[in-house]
Amino acid sequence: MGKIISAVKGFFKQWNKPEGDNYVASKEIIAYSVGGMGVFFIASIANNITLSSACLLIGAVYKISPTVIITLANVNTIVTLLVQPLKSWLIDNTPGKQGKARPWLLWLGGPTALFMSLIAYIPNTWSVDVKAVLVGVIFIIMNFCYQFYYGMYIQLSQLMTPNTNERAKIISLSSIIYSMAPTITGVIFPLIAAQFGENGTGWYSQNFYRVIAPVMTIFGYGLSLIAYFFTKERIVVAKRYEQKVKFKDGFAKILKNKYLWIANLGVMLAVVRGSITTVMSWEYVYVLQNDNIYSVMSLIMGTASLFGMALGPIMMKKIGKKNTVILANAIFAGASVITLLFVNNFALFSVGIYLCYFSAAVQIITTPAMNGDALDYQQWKTGDRLEGFAGNFAIITSIVALGTNYIMPFVNEYFGLVTDYNVLYDTSIRLPMFRVLSVISLIGSVLFIIPYLFWDLSDEKHKKIIEDLKERARAQNIEDGYADASILYSDEKLEADENVYEENSEELILKQAEVLKTLEKGGEIVDETVLDEKQKTVKDDNAYEDEKSQNSQDDKEVK
């Protein structure tokens with residue numbers, strides 16, 4: 016309890032100005048978090064209006080078959096592949112001085128709200144083919160805006176600080192706060208649906224979606240602007256830093272980043288791993304058949320995400336990011352076994368899904384934290400900030416998704432779920448279907464672990480990377496005649512930047528001159544042993560300080 020009180024006091028002590036190795040004031044973290052609630056109010060609608068056979072609006076209301084839905088999803092994937100290079104270029108060449116991520120929160124929230132709401136307003140009297148085409152076209156436009164918008168909000172947390180531990184804290188606290196949005200919608204959506212039909216039938220009413228879509232998306236967009244107006248981006252760069260990377264060169268560079276490969280292999284497998292979690296809403300509608308209990312259960316299940324996001328940073332600090340990911344997926348695998356064995360027991364099945372939600376929530380913290388570390392490594396390796404180009408991994412993951420997206424529709428149709436969702440009332444259809452999806456989730460969670468066994472970018476190694484980037488930025492500033500300039504993109508002068516190296520050091524300039532020349536010519540750092548040596552030096556220094564402290568204590572005892 017004392018540690019919690021101390022943490023709270025420390026948080027408010029830094030309300031206006033960060034201290035020590037921190038870069039972000041507490042009020043800015045709150046602004047980012049509250050803005051995130053707006054983003055996730057929109058996300059709550061995106062989760063209910065998606066190209067998935069689990070979507071009741073598109074499947075049950077519009078009567079579009081699972082195979083057609085996934086075909087539309089794959090068309091969307093192909094379009095995403097084609098426009099991804101443009102998206103990457105836009106991110107890494109964002110106009111103005113507001114940063115790479117923040118401007119897109121302002122520009123794309125409105126179009127996202129508009130097109131997401133339009134999907135709910137397609138006349139249901141039109142033919143299924145016409146509705147399918149309109150859903151596909153509107154969804155492609157909406158999804159481009161929404162994924163861009165959502166992705167830039169997540170990206171912003173990686174750009175607010177170069178301190179990996181502070182980054183994890185920001186992601187954790189913001190996740191806890193913005194997760195209130197889906198928790199709130201999880202409670203009120205069933206109650207609103209009850210106004211359009213009893214015993215779960217309101218979810219089949221088009222008017223239900225016509226109410227929640229525009230209200231939540233417009234409100235969410237307005238709330239998200241808090242994150243735009245009251246945050247800053249703080250990458251470590253020289254004052255005159257200007258990035259101009261050609262698409263071919265940028266793509267080639269990120270393909271050599273093994274950490275981005277590992278992270279994106281996880282993204283590919285996440286779709287398979289999450290198969291069983293997509294059917295929980297069906298459990299509510301076709302098993303419970305009670306909107307009031309649905310509302311309470313949504314609130315209870317939401318606590319799984321709360322605990323996962325709260326414990327994520329603690330787990331990362333205790334056992335490291337890599338081991339946290341491995342443990343979380345081991346929990347997911349165990350939870351899949353529970354859903355497999357107790358598919359006909361609502362209480363135990365819900366426990367299994369609860370643990371799945373917990374595991375996924377932990378990785379809501381680890382994934383952006385590890386991606387941020389990987390992008391800092393990229394900057395150290397090649398001298399480039401490639402947030403946009405790193406998004407081109409979506410081309411690879413999307414190609415894989417063309418196949419994996421068909422898994423759930425194939426299982427659904429194999430067991431007889433095509434357009435008549437009432438078959439889910441039949442246990443002879445529902446139970447074996449859920450068992451198969453549990454097995455698929457079990458396989459996906461085990462496979463998810465494998466690539467992370469090769470992750471070796473520790474917090475200590477990352478700290479040395481940031482120190483090296485600071486050295487380069489200071490050396491470049493001195494060379495350019497800006498010896499007193501900030502080494503942050505936000506142009507701030509903070510304590511965290513003044514406590515590592517002595518400014519105007521001639522040794523510093525000589526040390527980094529060759530590195531800067533190499534990077535300017537398009538080269539990259541080949542010898543990474545310098546990081547291990549620095550890490551060893553830090554450990555040796557710590558050992559020396561411990562020994563010195565112990566000797567001092569011994570002297571006192573002798574006296």
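My numbering numbers the first residue of the sequence shown as 16 and each following residue consecutively.
Glycine included, every Cβ here is placed at the ideal spot set by N, Cα and C.
inquiry  = Quick check: what's the CA-CA separation for Val49 versus Val83?
reply    = Within the sequence shown, the letter at position 34 stands for residue 49. Within the sequence shown, the letter at position 68 stands for residue 83. Near 38 Å, if we compare the C-alpha coordinates of Val83 and Val49.
query = When DSSP builds the beta bridges, which residues end up paired with Val98?
reply = Position 83 of the sequence shown holds residue 98. Answer is none; Val98 lacks a bridge partner.
key: CB of Gly51 within 8 Å of CB of Ser189, strictly   = Start at 1 with the first residue of the sequence shown, and residue 51 comes out as number 36. Start at 1 with the first residue of the sequence shown, and residue 189 comes out as number 174. Yes, the pair counts as a contact, with Cβ atoms nearer than the cut-off.
message = Quick check on the burial criterion: 16 or more other C-beta atoms within 10 angstroms. Buried or exposed for Arg255?
response = The sequence position of residue 255 within the sequence shown is 240, counting from 1. So Arg255 counts as exposed.
message = Run through the DSSP bridge pairs and tell me what Val252 is partnered with.
response = Stepping through the sequence shown from its first residue, residue 252 is reached at position 237. Val252 has no beta-bridge partner at all, per DSSP.
request  = Answer yes if the segment 443-452 comes into contact with the segment 280-289, meaning at least three C-beta pairs across the two stretches below 8 Å, and no otherwise.
outcome  = Flag = no, the segment 280-289 and the segment 443-452 do not touch.
key: Cut-off 8 Å between Cβ atoms - residues of its own chain near Phe347, not counting five sequence neighbours on either side   = Within the sequence shown, residue 347 is the residue found at index 332, counting from 1. Around Phe347: Arg288, Leu370, Cys371, Ser374, Ala375, Ser456, Ser460, Phe463.
Per-residue DSSP class, three states only, for Leu503 = Taking the sequence shown and counting its residues from 1, one reaches residue 503 at position 488. If DSSP states are grouped into helix, strand and coil, Leu503 belongs with the strands.
ask   = Among Gly151, Gly74, Ile329, Ala116, which one has its Cα closest to the Cα of Gly403?
value = The residue given as residue 403 occupies position 388 in the sequence shown. Closest option to Gly403, Cα to Cα, is Ala116.
ask   = Candidates Ile19, Trp30, Phe154, Ser80: which alpha carbon is nearest Asn62's?
value = Numbered from 1 along the sequence shown, position 47 holds the residue referred to as residue 62. Checked all of Ile19, Trp30, Phe154, Ser80; the closest Cα to Asn62 is Phe154.
task = Would you kindly report the start and end of the unbroken alpha helix (DSSP H) that includes Thr382?
result = Taking the sequence shown and counting its residues from 1, the one referred to as residue 382 is at position 367. 361-397 is the extent of the alpha helix (DSSP H) around Thr382.
inquiry  = Just to confirm the assignment: which complete alpha helix (DSSP H) runs, minimum length 4, are found wholly within the segment 264-290?
reply    = Runs of alpha helix (DSSP H) with 4 or more residues, each lying fully within the segment 264-290, are found at 273-288, listed in chain order.
query = Given 8 Å as the limit, is there contact between the segment 132-146 and the segment 240-250, that is, 3 or more CB pairs closer than that?
reply = No: fewer than three Cβ pairs fall under 8 Å.
request  = Whole angstroms is fine: what's the gap from Gly17's alpha carbon to Tyr193's?
outcome  = For the purposes of this step, residue 17 is taken as residue 2 along the sequence shown, with counting starting at 1. For the purposes of this step, residue 193 is taken as residue 178 along the sequence shown, with counting starting at 1. Roughly 26 Å separates the two Cα atoms.
request  = Could you say which of Lys247, Ala345, Asp388, Thr354 lies nearest to Val39 if we only look at CA atoms?
outcome  = On the sequence shown, position 24 is the one that residue 39 refers to. Ranking the options by Cα distance to Val39, first place goes to Lys247.
ask   = Can you tell me the Cα-Cα spacing of Asn427 and Asp391, whole angstroms?
value = By 1-based counting over the sequence shown, the position of residue 427 is 412. By 1-based counting over the sequence shown, the position of residue 391 is 376. For Asn427 and Asp391, the distance between alpha carbons rounds to 43 Å.
ask   = If we count the other Cβ atoms within 10 Å of its Cβ and call it buried at 16 or more, is Asn139 buried or exposed?
value = Here residue 139 is taken as the residue at index 124 of the sequence shown, counted from 1. Exposed, by the Cβ-count rule.
ask   = Which two residues bound the contiguous alpha helix (DSSP H) that contains Asp435?
value = Here residue 435 is taken as the residue at index 420 of the sequence shown, counted from 1. In the DSSP annotation of this structure, Asp435 is not part of any alpha helix (DSSP H), being labelled neither H nor E.
request  = Using three-state DSSP, classify Trp141 as helix, strand or coil.
outcome  = Start at 1 with the first residue of the sequence shown, and residue 141 comes out as number 126. In the displayed model, Trp141 falls within coil according to three-state DSSP, outside both helix and strand.
query = CB-CB under 8 Å to Met316, same chain, minus the five flanking residues each way: which ones, in chain order?
reply = Locating residue 316 in the sequence shown gives position 301, where the first residue counts as 1. Apart from the 5 residues on each side of it in sequence, Met316 sits with its Cβ closer than 8 Å to the Cβ of Gly201, Met295, Ser365, Ile368, Tyr369, Tyr372 in its chain, given in chain order.
request  = Excluding the 5 residues preceding and the 5 following Gly323 in the sequence, name in chain order all residues of the same chain whose CB lies nearer than 6 Å to its CB.
outcome  = Counting from 1 along the sequence shown, the entry for residue 323 is found at position 308. So the qualifying residues of the chain are Phe373, Ala376, Val377.
request  = Would you decide whether Glu43 is buried or exposed? Buried here means 16 or more other CB atoms lie within 10 Å of its CB.
outcome  = Residue mapping note: residue 43 aligns to position 28 of the sequence shown, counting from 1. With 16 or more neighbouring CB atoms inside 10 Å of its own CB, Glu43 falls in the buried class.
task = State buried or exposed for Thr232, treating a residue as buried only when at least 16 other CB atoms are found within 10 Å of its CB.
result = The count along the sequence shown starts at 1 and reaches residue 232 at position 217. Per the 10 Å Cβ criterion, buried.
ask   = Considering Gly53, what are the terminal residues of the alpha helix (DSSP H) in which it resides?
value = Here residue 53 corresponds to residue number 38 of the sequence shown, with the count starting at 1. That run of the alpha helix (DSSP H) goes 41-61.
message = Quick check on this structure: which residue in Leu468, Asn492, Lys112, Gln29 has the alpha carbon closest to the alpha carbon of Lys273?
response = As a first step, residue 273 must be located in the sequence shown, where it is residue number 258. For Lys273, the closest alpha carbon among the candidates Leu468, Asn492, Lys112, Gln29 is that of Leu468.
query = What is the rounded straight-line gap between the Cα of Val148 and the Cα of Thr382?
reply = Your numbering for residue 148 matches position 133 in the sequence shown. Your numbering for residue 382 matches position 367 in the sequence shown. The alpha-carbon atoms of Val148 and Thr382 are separated by roughly 35 Å.
query = Taking the Cβ atom as the reference point for each residue, do Ser310 and Leu206 lie within a distance shorter than 8 Å?
reply = If you number the sequence shown from 1, residue 310 lands on position 295. If you number the sequence shown from 1, residue 206 lands on position 191. Taking 8 Å as the Cβ cut-off, Ser310 and Leu206 qualify as a contacting pair.
ask   = How do the segment 70-80 and the segment 430-443 stand: do at least 3 beta-carbon pairs fall below 8 Å, yes or no?
value = For the pair of segments examined, the segment 70-80 was found to touch the segment 430-443: the number of CB pairs separated by less than 8 Å reaches three.
inquiry  = Please tell me whether Ile269 and Ala384 are closer than 8 Å, where the distance is taken between their beta carbons.
reply    = Against the sequence shown, residue 269 aligns to sequence position 254. Against the sequence shown, residue 384 aligns to sequence position 369. Taking a C-beta distance under 8 Å as the contact criterion, Ile269 and Ala384 do not qualify as a contact pair.
task = Indicate the three-state DSSP secondary structure (helix, strand or coil) for Gln550 in the structure shown.
result = Numbered from its first residue, the sequence shown carries residue 550 at position 535. Confidence at Gln550 is low in this model, with a pLDDT of 47, below 50, so the placement of that residue should be treated as unreliable; the coordinate-derived value is given next. In this structure, Gln550 counts as helix in the three-state DSSP scheme.
query = With DSSP run on the structure shown, which of helix, strand or coil describes Phe357?
reply = Reading the sequence shown from its first residue, position 342 is the one you call residue 357. When secondary structure is reduced to three states using DSSP, Phe357 falls in the coil class, being assigned neither helix nor strand.
request  = Please list, in chain order, all residues of the same chain as Ile169 whose beta carbon is under 7 Å from its beta carbon, the five residues on each side excluded.
outcome  = Indexing the sequence shown from 1 puts residue 169 at position 154. Only Pro383 meet the Cβ criterion.
key: Nearest residue (CA-CA) to Lys261, options Trp104, Thr92, Thr86   = Start at 1 with the first residue of the sequence shown, and residue 261 comes out as number 246. Nearest option by C-alpha distance: Trp104.
key: Trp22, enclosing alpha helix (DSSP H) - first and last residue   = Position 7 of the sequence shown, counted from the start, is the residue given in the question as residue 22. Sequence check: residue 22 is Ala here, not Trp. Residues 17-28.
key: Lys478 - DSSP class collapsed to helix/strand/coil   = Position 463 of the sequence shown, counting from 1, holds the residue named residue 478. The answer is helix: DSSP assigns Lys478 an H, G or I state.
ask   = Per DSSP, what kind of secondary structure is Ile64 in: helix, strand or coil?
value = Counting from one through the sequence shown, the residue named residue 64 turns up at place 49. If DSSP states are grouped into helix, strand and coil, Ile64 belongs with coil.
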